[in-house]
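**Student:** The structure that follows is given in the form of structure tokens.
There are 2 protein chains.
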Amino acid sequence: MNGYKLDPRLENDSTSVMITGLCDLRLSRDARWPWLILVPRRAEITEIFELTPLDQVLLAFETELVAKALKEITGAAKINIGALGNIVRQLHVHVIARFEGDANWPGPVWGFGQADPYEDGKRDEFIAKLREALSS
Amino acid sequence: MNGYKLDPRLENDSTSVMITGLCDLRLSRDARWPWLILVPRRAEITEIFELTPLDQVLLAFETELVAKALKEITGAAKINIGALGNIVRQLHVHVIARFEGDANWPGPVWGFGQADPYEDGKRDEFIAKLREALSS
Numbered sequence: 001m002n003g004y005k006l007d008p009r010l011e012n013d014s015t016s017v018m019i020t021g022l023c024d025l026r027l028s029r030d031a032r033w034p035w036l037i038l039v040p041r042r043a044e045i046t047e048i049f050e051l052t053p054l055d056q057v058l059l060a061f062e063t064e065l066v067a068k069a070l071k072e073i074t075g076a077a078k079i080n081i082g083a084l085g086n087i088v089r090q091l092h093v094h095v096i097a098r099f100e101g102d103a104n105w106p107g108p109v110w111g112f113g114q115a116d117p118y119e120d121g122k123r124d125e126f127i128a129k130l131r132e133a134l135s136s
Numbered sequence: 001m002n003g004y005k006l007d008p009r010l011e012n013d014s015t016s017v018m019i020t021g022l023c024d025l026r027l028s029r030d031a032r033w034p035w036l037i038l039v040p041r042r043a044e045i046t047e048i049f050e051l052t053p054l055d056q057v058l059l060a061f062e063t064e065l066v067a068k069a070l071k072e073i074t075g076a077a078k079i080n081i082g083a084l085g086n087i088v089r090q091l092h093v094h095v096i097a098r099f100e101g102d103a104n105w106p107g108p109v110w111g112f113g114q115a116d117p118y119e120d121g122k123r124d125e126f127i128a129k130l131r132e133a134l135s136s
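Order-wise, the sequence lines are chains U and S.
First residue of the first sequence: 1, per full-length UniProt numbering; consecutive thereafter.
First residue of the second sequence: 1, per full-length UniProt numbering; consecutive thereafter.
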């Protein structure tokens with residue numbers, strides 16, 4: 001964790017759900033899709049292959065735990081996983097629940113339209129469900 | 001490999017580079033970006049978390065070997081990794097070399113514009129470089 005600091009754009013666009021072994025697990029503030037972001041708490045990492053081999057395995061493990069929980073609580077048609085980082089270079093992995101007919105389906109979510117904030121209470125409700133699914 | 005069969009759309013849109021421990025590593029026929037696709041040779045898998053734990057680790061390992069080799073041979077600004085599958089449900093992982101100012105930069109590559117085929121010889125040249133990088 002030496003020197004780790006969350007990028008201010010990630011901080012602004014998402015809210016922390018929990019700290020995992022490796023990551024800060026965050027929920028996007030864009031309510032158009034149930035959208036989670038895993039940020040490895042390591043300094044100055046841009047590509048997954050720059051992590052140590054152990055951290056790479058941890059990241060894969062945590063990504064799939066989160067993907068499975070998200071599929072279970074949302075009943076999504078498909079989970080989309082992506083590590084792009086063309087704009088924000090700090091390594092972060094997107095895990096997004098997709099549904100037939102959702103915004104930009106079947107295209108990708110990144111860069112599409114304008115973010116739509118959560119209604120009052122809906123975000124906290126979703127975070128509570130997610131924490132429960134991840135701790136069971 | 002029991003019952004594994006490559007989806008005809010993946011077969012049509014890409015060409016095999018090599019068979020790895022888990023995957024068929026393929027090069028997209030779209031020359032706009034150096035674009036690789038890893039297809040785990042397992043039957044009826046749609047999400048990474050449906051793979052066995054060992055296969056999940058193999059997939060993470062092979063994805064990062066390929067990402068590192070692609071970064072080295074292309075000098076890309078950023079590697080984009082994604083498992084979407086909204087259209088083709090057979091599990092496949094994209095590993096794409098991105099450059100500032102490339103087609104749709106800094107947006108995603110999926111669903112953007114029309115594919116642009118490789119010029120004669122360029123594809124074989126790129127595959128040879130890639131095989132060399134992956135075997136060193």
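For each residue, glycine too, the CB sits at the ideal point set by N, CA and C.
As the structure is a computational prediction, the values presented were derived from the model and not from experiment.
Please identify the residue among U:F99, U:G85, U:Y118 and U:A115 whose C-alpha is closest to the C-alpha of P108 (chain S).
**Tutor:** Translated into the one-based positions of the second sequence, residue 108 (chain S) becomes position 108. Comparing Cα-Cα distances from P108 (chain S) to each of U:F99, U:G85, U:Y118 and U:A115, the minimum goes to U:G85.
**Student:** For S135 (chain U), which of helix, strand or coil comes out of DSSP?
**Tutor:** Here residue 135 (chain U) refers to the residue found at position 135 when the first sequence is read from its first residue. In the structure shown, S135 (chain U) sits in a helix (DSSP, three-state: H, G or I).
**Student:** Can you tell which of S:R89, S:A67 and S:I45 has its C-alpha closest to the C-alpha of A97 (chain S)?
**Tutor:** Along the second sequence, one-based indexing puts residue 97 (chain S) at 97. It is S:A67 whose Cα lies nearest to the Cα of A97 (chain S).
**Student:** Starting from K78 (chain S), trace the beta strand (DSSP E) in both directions and tell me its first and last residue.
**Tutor:** The sequence position of residue 78 (chain S) within the second sequence is 78, counting from 1. Note, K78 (chain S): beta strand (DSSP E), K78 to A83.
**Student:** Along the region 86 to 115 of chain U, where does the CB come closer than 7 angstroms to a CB of chain S? Name the residues.
**Tutor:** Listed in sequence order: N86, I87, R98, W105, P106, G107, P108, W110 and G111.
**Student:** Helix, strand or coil, according to DSSP, for A60 (chain U) in the structure here?
**Tutor:** Taking the first residue of the first sequence as 1, we reach residue 60 (chain U) at position 60. In this structure, A60 (chain U) counts as helix in the three-state DSSP scheme.
**Student:** Using the beta-carbon count (16 or more within 10 Å), is I87 (chain U) buried or exposed?
**Tutor:** Sequence index remark: in the first sequence, residue 87 (chain U) carries index 87 (1-based). Its Cβ having fewer than 16 others within 10 Å, I87 (chain U) is exposed.
**Student:** Comparing C-alpha positions only, which one of U:F99, U:P106, U:D116 and U:I79 sits nearest to D13 (chain U)?
**Tutor:** Reading the first sequence from its first residue, position 13 is the one you call residue 13 (chain U). Among U:F99, U:P106, U:D116 and U:I79, the Cα nearest to that of D13 (chain U) belongs to U:D116.
**Student:** Which same chain residues, not among the five before or five after residue 186 (chain U), have their C-beta less than 7 angstroms away from its C-beta?
**Tutor:** Shown here, chain U extends from 1 to 136; a query on residue 186 (chain U) therefore has no answer.
**Student:** Starting from the C-beta of F61 (chain U), find all residues in its chain whose C-beta is less than 7 angstroms away, skip the five residues before and the five after it, and write them out in chain order.
**Tutor:** Residue numbering aside, residue 61 (chain U) sits at position 61 when the first sequence is read from its first letter. Here the set comprises nothing.
**Student:** Can you tell me where the beta strand (DSSP E) holding P40 (chain S) begins and where it ends?
**Tutor:** Walking along the second sequence from the start, residue 40 (chain S) turns up at place 40. Element bounds for P40 (chain S): W35 to P40.
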